[in-house]
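In our numbering, the protein residues as written are 327 to 442.
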């Protein structure tokens with residue numbers, strides 16, 4: 327397995343400049359790829375006031391789904407850690423019951439931190 331998932335119990339004070347330590351899922355997310363560091367935990371947060379559906383992370387090189395969450399409650403957070411670098415896509419949908427809903431996919435790059 328390429329991804330470790332942890333329940334959110336506290337944040338990390340350790341920050342990596344130019345990389346994401348916390349990702350808030352929201353409707354206004356752009357198409358610019360998010361950057362996270364391999365083997366470094368980060369928080370994924372549902373910033374919506376509604377439940378997200380079918381949250382998934384897919385590794386682009388293989389097309390393999392490495393994380394699937396059927397429902398992600400409003401303001402719920404989970405901690406994630408990727409153990410393999412590469413390009414991924416994070417997809418989810420939202421909408422009120424009875425509506426057609428909306429979908430969003432955001433590129434996610436997992437990189438190795440280069441020490442100087």
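The beta-carbon is built from N, C-alpha and C at its ideal position, and this holds for glycine as well.
Which residue or residues does DSSP assign as beta-bridge partners of residue i?
i, result
"residue 395", "381"
"residue 429", "419"
"residue 412", "436"
"residue 386", "Paired residues: none, contrary to the question."
Between the beta-carbon of residue i and the beta-carbon of residue j, is there less than 8 Å?
i, j, result
"residue 402", "residue 380", "no"
"residue 420", "residue 428", "yes"
"residue 362", "residue 345", "yes"
"residue 377", "residue 400", "yes"
"residue 414", "residue 437", "no"
Which value, in whole angstroms, describes the spacing of the CA atoms of residue i and residue j?
i, j, result
"residue 364", "residue 350", "19 Å"
"residue 397", "residue 441", "38 Å"
"residue 405", "residue 354", "22 Å"
"residue 352", "residue 370", "11 Å"
"residue 386", "residue 433", "10 Å"
"residue 416", "residue 368", "14 Å"
"residue 439", "residue 389", "24 Å"
"residue 348", "residue 408", "14 Å"
"residue 286", "residue 366", "As displayed, the chain neither begins before 327 nor continues past 442, which places residue 286 out of reach and without an answer."
"residue 418", "residue 430", "6 Å"
Helix, strand or coil for residue i, going by three-state DSSP, please let me know.
i, result
"residue 365", "coil"
"residue 357", "coil"
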